[in-house]
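Visitor: One structure, as structure tokens, below. Some questions next.
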Amino acid sequence: SQQGEEDPQALSIQEGENATMNCSYKTSINNLQWYRQNSGRGLVHLILIRSNEREKHSGRLRVTLDTSKKSSSLLITASRAADTASYFCATGNFGNEKLTFGTGTRLTIIP
Amino acid sequence: EPEVTQTPSHQVTQMGQEVILRCVPISNHLYFYWYRQILGQKVEFLVSFYNNEISEKSEIFDDQFSVERPDGSNFTLKIRSTKLEDSAMYFCASSEWGSNQPQHFGDGTRLSIL
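The listed protein sequences correspond, in order, to chains S and G.
Residues 35 to 145 (our numbering) make up the first sequence, in order.
Residues 19 to 132 (our numbering) make up the second sequence, in order.
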């Protein structure tokens, strides 16, 4: 698999349910970031978790990082129709500034 | 909240022509980036820019690409002789510092090469 692969590729849930997306990566990282992209728009930064952190919260978002398994998860609680978007993980490596993006999860919230 | 702005939102150009994509990063940010996203594919890093010079570039960023910060606010990406495969969304981003920082993205320029 390539650096930064999300699963599932697509997820449809009812409004109010929780949505969980996963991201796996291959190389050591400095940080992992999650972004949201609405159709035809730019990437909106959601949360950054550093390699020495295991869990981080921001509002309805909860991100975990397991560096031993090279994986991360994004949990959105109490989903809303406005959460419908594509969600990407992106890894930052030591010694450089570039982000390496995953393939994304397309999340659809059914009202 | 400060944001990254990009112009134009859509650019249509004939193959072989030069194109310049423009970006205004967030004013107190020091690092600037260009990424591109070909339709249906991953977002790919092109180049990072700090202190008026390129700090890192990908294999995609070959001699037909160049970046410039012509004044204190604009950051541009020039493609010298466009090819059909340059058709993509081009995103500009900026961050306060370099690594280990959130990057803030603009809404992108959709480049269509005919």
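Ideal Cβ placement from N, Cα and C applies to all residues, glycine included.
Assign tryptophan 115 of chain G to buried or exposed, taking buried as 16 or more other Cβ atoms, counted over all protein chains shown, within 10 Å of its Cβ.
Guide: exposed
Visitor: Using the Cβ count rule (16 or more neighbours within 10 Å means buried), how would you classify lysine 103 of chain S?
Guide: Lysine 103 of chain S is exposed by the Cβ-count criterion.
Visitor: So which residues on chain G does glycine 126 of chain S lean against when the C-beta distance must stay under 8 Å?
Guide: Ser117, Asn118
Visitor: Out of S/Gln48, S/Ala44, S/Pro42, S/Asp41, state which residue places its alpha-carbon closest to the alpha-carbon of isoleucine 144 of chain S.
Guide: Residue S/Gln48 is the option with its Cα nearest to isoleucine 144 of chain S.
Visitor: CA-CA distance, tyrosine 59 of chain S and glutamate 39 of chain S?
Guide: 6 Å
Visitor: Any idea if lysine 132 of chain S is buried or exposed, counting beta-carbon neighbours within 10 angstroms, 16 or more meaning buried?
Guide: buried
Visitor: Of the choices G/Gln24, G/Ser113, G/Val61, whose alpha-carbon is the least far from that of isoleucine 38 of chain G?
Guide: Proximity to isoleucine 38 of chain G across G/Gln24, G/Ser113, G/Val61 peaks at G/Gln24, based on C-alpha coordinates.
Visitor: Report the start-end ranges of each beta strand (DSSP E) in the stretch 24-97 of chain G that is 3 residues or longer and not cut off at the edges.
Guide: Entirely contained in the stretch 24-97 of chain G, the beta strand (DSSP E) runs reaching 3 residues are, in chain order, 28-31, 37-42, 49-55, 61-68, 71-75, 83-86, 93-97.
Visitor: Express the C-alpha separation of aspartate 41 of chain S and glutamine 71 of chain S in angstroms, rounding to a whole number.
Guide: Rounded to whole angstroms, the separation of the alpha carbons of aspartate 41 of chain S and glutamine 71 of chain S is 16 Å.
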